[in-house]
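Mapped onto the working numbering, the consecutive letters of the sequence shown carry residue numbers 36 to 641. Every residue gets a Cβ at the ideal spot worked out from N, C-alpha and C, and that includes glycine.
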Amino acid sequence: MCGITGCIVREGDVANILYNSLKRLEYRGYDSAGISTIYDNKLIVKKDVGKIDEIHSKLNFLDMRGNLGIAHTRWATHGAPSKVNAHPHLDCEEKIAVVHNGVLENFLELRQELEARKHIFRSKTDTEVIAHLIEEYLKIGKNLSEAVLESVRKLRGSFAIAVIYTGEPDKIVVARNESPLVIGLAKDMKLIASDVAALIEYTKEVIFLQNRDLSIVTPEKVEIIQIDTGIKIDRKSMELNWTLDMATKSGFPHFLLKEIYEQPHTIREALRIQEKYLDLLTEFLDRGREIFLVASGTSHNACIVGSYMFSKLARLTTYPVIASEFIENYGSSIGIDTVIFALSQSGETADVLTALDYARYRAATIIGLTNVLGSTLTRIARAYILQNAGPEIGVAATKTFTSQLTVLALLALRLARKRGKISQNEMDEFQDELRRLPNLVENVIKLSEKPIAELSKEAARFSSIFFLGRGISYATALEARLKVMELSYIPCIAYPAGESKHGPISVIEEGYPVFFIAPNDNTRKHVIGNVMEMKARGAKIYCLGDEGDRELRELSDWYLGLPSVHELLSPIIYVIPFQLLAYYMTIEKGLDPDKPRNLAKSVTVL
Ligand code: M6R
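Structure representation (structure tokens):
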């Protein structure tokens with residue numbers, strides 16, 4: 036997730052506005068930034084690696100002249116954070132500047148085609164192809180808006196772009212698909228941005244562009260065209276009464292809720308991960324004599340889900356291990372044939388890095404999955420995958436968990452194909468289920484928010500809570516426990532449901548709350564047995580199960596029916612109501628959902 040912004044005024048310079056707007060977007064990404072304006076029919080570009088203020092103190096953004104310009108703050112996806120990879124990106128002749136938020140799926144094909152036509156690329160980004168594509172269309176006589184229209188029609192993936200061109204210095208052309216874009220309207224001045232935070236200081240009248248809209252923006256007017264039909268359309272502007280704080284959170288009261296809501300998008304982005312990276316990691320996983328999945332906290336819970344996926348789909352045994360226990364437990368037995376697959380949202384967790392240092396010293400192979408390009412994990416791993424979930428501001432991991440699970444599912448499927456372990460039909464079915472995920476998650480958020488908010492009033496008063504699940508749902512129980520406990524401060528217990536009778540059941544007394552995670556999979560009939568055991572001892576049963584499961588619904592005191600999904604993907608669906616529950620419990624208790632006490636987003640101590 037990057038942030039883009041742009042501004043065009045009838046008279047005067049826009050550098051100051053762009054700089055201010057860019058700073059408002061810094062929370063969307065902060066590894067590099069840049070601004071480009073047009074002055075005297077030439078492009079002026081200032082960009083570098085680092086935070087916006089660091090770059091400004093080196094380059095001084097404010098002395099840039101020009102009545103139109105575009106700007107970008109980056110969260111790297113393709114190409115490491117560096118000056119050359121920072122946006123804006125230019126065409127060969129440095130007449131076109133482009134900023135982009137999103138991930139292009141077909142940039143390699145496009146880049147090869149353009150290189151064959153002698154275009155010179157300077158960066159490793161997917162974005163640069165857009166500048167060169169536009170250049171191609173301008174060369175054959177199209178004007179800027181036509182050239183952008185033709186270019187975006189060739190793009191596959193997500194994008195919100197803003198383009199300026201020295202040949203037409205009276206407009207900014209913008210377009211979007213899946214990544215957000217909003218236009219701010221003021222007299223003789225128009226702004227464009229990834230979100231309202233960037234422009235609310237200047238105007239409250241906005242137009243939200245819809246998917247596959249292109250817009251030609253001048254100081255006086257905004258014209259909108261549908262990318263696929265080329266037909267002009269009218270989009271109504273609206274007046275926002277948001278504060279700056281609300282705008283930064285896209286109108287949500289807290290980052291946590293915003294990030295929960297972002298999951299359909301972040302899962303879609305994870306599904307776009309390039310095949311070459313999946314292939315590379317698959318190769319390493321297939322080669323290892325033993326494979327450890329090493330992580331902490333939520334990332335560890337993702338590892339547990341991954342171990343079920345690898346085993347059931349690819350018939351590969353992997354061992355999920357808590358990072359801080361790894362050296363003591365397995366350190367002495369690992370060696371050159373060991374593969375360590377480290378998962379870390381931040382890529383900086385000290386427990387994980389210490390385990391990896393040790394494993395490297397024993398010549399093990401390190402591979403990784405992280406959300407932060409340039410993090411220590413990306414530097415020490417032989418190969419790694421980036422989740423593309425964008426910065427997560429809430430201390431509790433939500434969207435990065437479901438995007439980790441999506442990547443693990445993609446890897447398990449690749450591995451299954453490579454090892455020839457499952458039939459073509461099974462693979463196709465799983466692939467189809469993966470494609471349904473973003474929409475399913477969107478539905479689950481919609482259908483569960485109200486009943487969960489209601490339930491939270493009661494749940495916030497519990498003094499302790501049990502979470503139980505069998506099979507892969509055990510991992511969901513662990514993550515449900517972590518979310519509810521770290522945010523509401525209520526002590527919680529999570530167990531494999533089958534294990535509860537070996538001790539934890541003694542905790543149960545009349546009215547004790549027990550949450551069951553019970554999708555319609557192989558474990559269901561045993562889960563029903565566990566529900567009966569708990570009920571018999573007076574537990575109050577809260578159950579999340581299949582929407583068509585009448586038996587479980589009747590056995591439960593409270594039931595939330597969720598859509599059917601492939602059993603290996605059920606944690607992605609079933610964790611959502613628990614994220615919402617944790618959020619609403621903090622609200623009930625008057626706590627800060629974004630900053631739970633005693634915790635840090637990235638734990639860099641042992
Ligand atoms: O950045 P990492 O994924 O390595 O972080 C691991 C844990 O510190 C993190 O998941 C933590 O448990 C969160 N508070 C979970 O919400």
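Other residues of its chain near residue i: CB distance less than 8 Å, five sequence neighbours each side excluded
i: residue 184; result: 210, 249, 260, 262, 265
i: residue 639; result: 383, 384, 385
i: residue 257; result: 218, 220, 225, 242, 250, 251
i: residue 567; result: 590
i: residue 433; result: 291, 294, 295, 298, 427, 518, 614
i: residue 46; result: 102, 223
i: residue 279; result: 59, 232, 235, 236
i: residue 411; result: 382, 383, 388
Helix, strand or coil at residue i [DSSP, three-state]
i: residue 436; result: helix
i: residue 151; result: helix
i: residue 238; result: coil
i: residue 376; result: strand
i: residue 364; result: helix
i: residue 212; result: strand
i: residue 55; result: helix
i: residue 447; result: helix
i: residue 156; result: coil
i: residue 261; result: strand
i: residue 37; result: coil
i: residue 99; result: coil
i: residue 548; result: strand
i: residue 553; result: strand
i: residue 200; result: strand
i: residue 403; result: strand
i: residue 226; result: strand
i: residue 287; result: coil
i: residue 142; result: helix
i: residue 243; result: strand
i: residue 393; result: helix
i: residue 267; result: strand
i: residue 419; result: strand
i: residue 220; result: strand
i: residue 383; result: coil
i: residue 274; result: strand
i: residue 65; result: coil
i: residue 176; result: coil
i: residue 116; result: coil
i: residue 491; result: helix
Beta-carbon contacts of residue i that lie in its chain and below 7 Å, excluding the five residues immediately before and after
i: residue 631; result: 430, 431, 521, 522
i: residue 462; result: 448, 451, 452
i: residue 81; result: 69, 70, 94, 96, 99
i: residue 559; result: 553
i: residue 519; result: 500, 525, 527, 613, 616, 617, 620
i: residue 334; result: 378, 379, 380, 439
Residue(s) in a DSSP beta bridge with residue i
i: residue 355; result: 328
i: residue 71; result: 80, 105
i: residue 127; result: None; residue 127 has no bridge partner.
i: residue 593; result: 577
i: residue 4; result: Since the first residue shown for the chain is 36 and the last is 641, residue 4 is missing from the structure and cannot be characterised.
i: residue 250; result: 209, 259
i: residue 195; result: 136, 211
i: residue 44; result: 224
8 Å contact criterion, which residue i and residue j should meet: CB distance rounded
i: residue 105; j: residue 207; result: 7 Å
i: residue 380; j: residue 406; result: 5 Å
i: residue 503; j: residue 551; result: 5 Å
i: residue 138; j: residue 423; result: 6 Å
i: residue 62; j: residue 283; result: 6 Å
i: residue 600; j: residue 475; result: 6 Å
i: residue 87; j: residue 53; result: At roughly 10 Å, the Cβ-Cβ gap does not stay under 8 Å, so residue 87 and residue 53 are not in contact.
i: residue 416; j: residue 402; result: 5 Å
i: residue 124; j: residue 158; result: 6 Å
i: residue 454; j: residue 349; result: 6 Å
i: residue 130; j: residue 202; result: 6 Å
Contacts around residue i, its chain only, beta-carbon distance under 6 Å, and the 5 residues preceding and following it disregarded
i: residue 374; result: 319, 323, 326, 400
i: residue 113; result: 160, 161
i: residue 155; result: 127
i: residue 605; result: 554
i: residue 339; result: 355, 510
i: residue 198; result: 133, 183, 208
Review point. For the region 459-483, which segments carrying the beta strand (DSSP E) assignment without a break, of at least 3 residues, lie completely within its bounds, in sequence order?
Key: The beta strand (DSSP E) runs lying completely inside the region 459-483 and spanning 3 residues or more number zero.
Practice item. For the ligand MG, enumerate in chain order all residues having a CB closer than 5 Å to any of its heavy atoms. Key: The model on display carries the ligand M6R but not the ligand MG.
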